[in-house]
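Counting from 0, one number per residue, gives the positions in the sequence shown under numbering that gives the first Met the number 0.
Think of the CB as a built atom: it goes at the ideal place given N, C-alpha and C, for glycine as much as any other residue.
Below is one structure; the comments refer to it alone.
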Amino acid sequence: MSEGDRGAAGSWRRSYIAAAVAAVTAPLVVALAGSSALVIASTLALVLAALFFYVASVGQKEAQRATLNAPRPEVVGFDPSARAILECLDDPLLVLETSGRILFANRSSHPLVGAEAERKHISAVLRTPEVLEAVSRVLLGGASESVAFTFLVPVQRHYRAYLARSEGSPSLGPLILIQFHDLTAVRRAEELRADFVANASHELRTPLAAVVGFIDTLRGHARNDPEARERFLGIMSVETSRMRRLIDDLLSLTRIELNEHNPPAGEVDVVALVRDAAAALAPLAEADSVRIRIPDHEPLAVTGDRDELMQVFQNLLHNAIKYGRTAGEVRVTFGRTGPQGKREAAGQVFVAVEDEGEGIPRDVIPRLTERFYRVDIKRSRERGGTGLGLAIVKHILNRHQGRLQVESTLGQGSTFTVFLPAAAEPASR
Ligand code: ADP
Numbered sequence: 000m001s002e003g004d005r006g007a008a009g010s011w012r013r014s015y016i017a018a019a020v021a022a023v024t025a026p027l028v029v030a031l032a033g034s035s036a037l038v039i040a041s042t043l044a045l046v047l048a049a050l051f052f053y054v055a056s057v058g059q060k061e062a063q064r065a066t067l068n069a070p071r072p073e074v075v076g077f078d079p080s081a082r083a084i085l086e087c088l089d090d091p092l093l094v095l096e097t098s099g100r101i102l103f104a105n106r107s108s109h110p111l112v113g114a115e116a117e118r119k120h121i122s123a124v125l126r127t128p129e130v131l132e133a134v135s136r137v138l139l140g141g142a143s144e145s146v147a148f149t150f151l152v153p154v155q156r157h158y159r160a161y162l163a164r165s166e167g168s169p170s171l172g173p174l175i176l177i178q179f180h181d182l183t184a185v186r187r188a189e190e191l192r193a194d195f196v197a198n199a200s201h202e203l204r205t206p207l208a209a210v211v212g213f214i215d216t217l218r219g220h221a222r223n224d225p226e227a228r229e230r231f232l233g234i235m236s237v238e239t240s241r242m243r244r245l246i247d248d249l250l251s252l253t254r255i256e257l258n259e260h261n262p263p264a265g266e267v268d269v270v271a272l273v274r275d276a277a278a279a280l281a282p283l284a285e286a287d288s289v290r291i292r293i294p295d296h297e298p299l300a301v302t303g304d305r306d307e308l309m310q311v312f313q314n315l316l317h318n319a320i321k322y323g324r325t326a327g328e329v330r331v332t333f334g335r336t337g338p339q340g341k342r343e344a345a346g347q348v349f350v351a352v353e354d355e356g357e358g359i360p361r362d363v364i365p366r367l368t369e370r371f372y373r374v375d376i377k378r379s380r381e382r383g384g385t386g387l388g389l390a391i392v393k394h395i396l397n398r399h400q401g402r403l404q405v406e407s408t409l410g411q412g413s414t415f416t417v418f419l420p421a422a423a424e425p426a427s428r
């Protein structure tokens, strides 16, 4: 007898006892009611009735609790060891009888078909015509097949269902197995790749069109105009530099992505590295009369790839110069945070780059590291931007198990802070 059955039986037993007590005492009550003890008799009757209902309700609650706690009844004939094995599968899986009734639904299938799908007909829990039609075909003896389908709500998710017919067992007869693969991440990656190629082509096409246009002009009416020729050659030089930067950034991004799963091995002092990055950008800072302030600080060692981390700090400092205030300041701050959690032995090192620019609207901050995303496309182009700098920063930091934090106040400026896991020992460069 299951726990639920035992609880229910206990409840009924208590109810019978209470009813028997009431039955024995009722005539007594009536007899007493005839006498002068009428008040005592009525009180006794009320107490007995209350006792009766109390005992009955406690029993009922216990029975309900026992039913809820009781394990889900096994579907008759479906081997518990098979059930235990299939529960371990990460992919959703359903086993159907040839009537279409669900014999088994593993836990991973609950988000798709609900937690109570067993014993229900497949059409009651999955309202996807593509799958139901495939189920009908396989039920009628058709070959194994796979169908793709999409759930639009609550969020769009793409799946592929694989349906196969198995001999089953003598007691159960033939069975239909349906396994689901979640293709959402794969589809998203395909979409991103297609978008990326379209964006990259578009970005290259614009400067290329300008160069082609000027070549035609130089061959045509500007042929004998030295002044126009100089001007057009200057513009062509700017546009070809832009194409070169774009190609360099695209190649950089691809290389970093390919390498992203290989943890870096070297040891780098980020304080010295930031100084070197700033020195390389000094001519650009000077051109905008921007002053880069880097405080004195003890070495801060991180495990990392020097060239990649150089790219991170050059991109951030360059952005601070490009989008900061002309004749303003760019301030760098260094620091350490203590270990957070067991996986971090030596805590983190951080480097913050703060500018005095116009700032970035809060709602677009999460988009800054997307490829080709720019807050102000015109400004980015004017300043020679490719829209790939922060995407490169993000991928390099992913490889280094670091992260980027962006804080900004409109009209005051922005702070881009890089966090990197500290190396166990200080670096000596
Ligand atoms: P870009 O080559 O256009 O500079 P990034 O990927 O480096 O591309 O940056 C993406 C966008 O983020 C920039 O176009 C700009 O709109 C914004 N941005 C980046 N850094 C800053 C900053 N320090 N202040 C304001 N906006 C910034």
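In the structure shown, Ile121 adopts helical secondary structure according to DSSP, grouped into three states.
The nearest non-hydrogen atom of the ligand ADP is 7 angstroms or more from the C-beta of Tyr158. For Gly172, the enclosing beta strand (DSSP E) begins and ends at 172–181. At a Cβ-Cβ threshold of 8 angstroms, Leu162 and Val124 do not count as neighbours.
Separation of the CB atoms of Ile364 and Asn314 is rounded to 16 angstroms, and the pair is thereby denied contact status at 8 angstroms. Sequence-distant Cβ neighbours of Ala422 in its own chain, meaning closer than 6 angstroms and more than five residues away, are Glu266, Ala300, Val301, Thr302. When secondary structure is reduced to three states using DSSP, Ile214 falls in the helix class. Out of Glu189, Leu111, Ala104, Ala209, the CA that lies nearest to the CA of Ile175 is found in Ala104. A Cβ-Cβ contact shorter than 8 angstroms links Ala351 with Thr416. Under a 10 Å Cβ-count criterion, Glu202 is classified as buried, with 16 or more other Cβ atoms of the shown protein chains found around its own Cβ. Short of 8 angstroms from the beta carbon of Leu367, and not among the five residues preceding or following it, lie these beta carbons of its own chain, in chain order: Ile359, Val374, Leu389, Val405. Between Ser107 and Leu88 a beta carbon distance of about 6 angstroms is seen, short of the 8 angstroms cut, so the two are scored as contacting. No residue range can be given for Phe77, since it is assigned to no beta strand (DSSP E) and is classified by DSSP as neither H nor E. The segment 273–289 makes no contact with the segment 215–227: fewer than 3 CB pairs, one atom from each, lie closer than 8 angstroms.
For the 8 angstroms CB-CB criterion, Leu316 and Glu357 do not form a contact. In terms of side-chain proximity, the C-beta atom of Ser413 is found nearer than 7 angstroms to a non-hydrogen atom of the ligand ADP. In the structure shown, Val269 falls within a helical segment according to DSSP collapsed to helix, strand and coil. Of all alpha-carbon atoms in Ser165, Ala147, Glu166, Arg222, the one lying nearest the alpha-carbon of Arg186 is that of Ala147.
Distances taken from the Cβ of Ile359 to the heavy atoms of the ligand ADP include one shorter than 7 angstroms. For the 8 angstroms CB-CB criterion, Ala209 and Ile234 form a contact. Per DSSP, the unbroken beta strand (DSSP E) holding Glu166 starts and ends at 156–168. Shortest gap from the CB of Tyr161 to any heavy atom of the ligand ADP: 7 angstroms or more. Judged by DSSP in its simplified three-state form, Gly388 adopts helix.
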